[in-house]
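Notes for the one structure printed next.
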Amino acid sequence: SQQGEEDPQALSIQEGENATMNCSYKTSINNLQWYRQNSGRGLVHLILIRSNEREKHSGRLRVTLDTSKKSSSLLITASRAADTASYFCATVLYSGNTPLVFGKGTRLSVIA
Amino acid sequence: NAGVTQTPKFQVLKTGQSMTLQCAQDMNHNSMYWYRQDPGMGLRLIYYSASEGTTDKGEVPNGYNVSRLNKREFSLRLESAAPSQTSVYFCASRMGPKAENIQYFGAGTRLSVL
Chain D
276 SQQGEEDPQA LSIQEGENAT MNCSYKTSIN NLQWYRQNSG RGLVHLILIR SNEREKHSGR
336 LRVTLDTSKK SSSLLITASR AADTASYFCA TVLYSGNTPL VFGKGTRLSV IA
Chain H
1055 NAGVTQTPKF QVLKTGQSMT LQCAQDMNHN SMYWYRQDPG MGLRLIYYSA SEGTTDKGEV
1115 PNGYNVSRLN KREFSLRLES AAPSQTSVYF CASRMGPKAE NIQYFGAGTR LSVL
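Here it is, written out as structure tokens:
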């Protein structure tokens, strides 16, 4: 069964607003990664946060990780229409040498 | 600079037919993966190959077989297609099974089984 669960399933915002997506997982992890999928395309890696990190930034992306609550959030600031996509969290289990396990994703629509 | 290439992009099969989905990567990656993506289900791992010469089952392996032909190529075979295998299939590769290696995905194969 899937390790990660994103929330909300769908999100619609106006251009310029911030978008926040959450991910909860079940077991101890080595790291957590976020991927983006544009319609009809494959997934593209966005950012990785290790289990000993609490926050990480990359451009307009901010990721937080709370291992005590087994949850992560992805914040996209000043959203653009081009940010319209599905966003997936993926976890790597504590042992490390395991495949990524993906959640079901959040569909983000940014309206111009 | 192709990355991960999947063929075909689209396929329609009749129930019971067989086919092989091809995947090749040119990044000298050791690990390769096959996922299926269904509406509302996210990505589910079918099979993976941590390194050349090894393959392992994922979450949903029934009805599929794989072959790691060489370091570059990892194929997925449906021996007797069923309507439940209608899905979008993604191949991915990764430098190795080490935890911090990120995955690179192909564009997907859209399969319909009638």
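Chains D and H are the protein sequences, given in the same order. Be aware that the first sequence starts at 276, since it is given in our numbering, and climbs by one per residue. Be aware that the second sequence starts at 1055, since it is given in our numbering, and climbs by one per residue. Yeah, the Cβ is synthetic: ideal placement off N, Cα and C, and Gly gets one too.
- Annotation: E292/D to E281/D spans about 20 Å, alpha carbon to alpha carbon.
- In this structure, DSSP gives D358/D a helical state, which the three-state scheme calls helix.
- Sequence-ordered contacts of the region 1135 to 1167 of chain H with chain D read F1144, P1151, K1152, A1153, E1154, I1156, Q1157, F1159, G1160, A1161, G1162 [C-beta pairs closer than 7 Å].
- No Cβ-Cβ contact shorter than 9 Å links L307/D with L286/D.
- Look at V1058/H: its C-beta is under 9 Å from a C-beta on chain D.
- Judged by DSSP secondary structure, H320/D falls within the beta strand (DSSP E) whose first and last residues are 318 to 325.
- Taking a C-beta distance under 9 Å as the contact criterion, M1073/H and R1131/H qualify as a contact pair.
- Nearest neighbour of S1138/H by Cα position, chosen from L1168/H, G1057/H, K1125/H, turns out to be L1168/H.
- For L1099/H, the chain D residues whose Cβ falls inside 9 Å of its Cβ are P374, L375, V376, F377, in order along the chain.
- Under the 9 Å criterion on CB atoms, G1107/H is classed as non-interfacial with respect to chain D.
- Looking at the DSSP output, S299/D shares a beta bridge with E280/D, S346/D.
- Around the beta-carbon of I351/D, 16 or more other beta-carbon atoms lie within 10 Å, marking it buried.
- For Q1071/H, the three-state secondary structure derived from DSSP is coil.
- Per the C-alpha coordinates, the member of E330/D, I304/D, S346/D, R355/D positioned closest to C298/D is S346/D.
- With respect to the 9 Å criterion, D341/D and V385/D are not classified as neighbours on the basis of their beta carbons.
- Look at M1081/H: its C-beta is not under 9 Å from any C-beta on chain D.
- Taken in chain order, the members of the region 318 to 341 of chain D whose beta-carbon sits within less than 9 Å of a beta-carbon on chain H are L318, V319, H320, L323, R325.
- The DSSP assignment places no complete alpha helix (DSSP H) segment of no fewer than 4 residues inside the region 1079 to 1120 of chain H.
- Within the same chain, Cβ atoms closer than 6 Å to the Cβ of D1110/H are found at Y1102, the five residues on either side in sequence being excluded.
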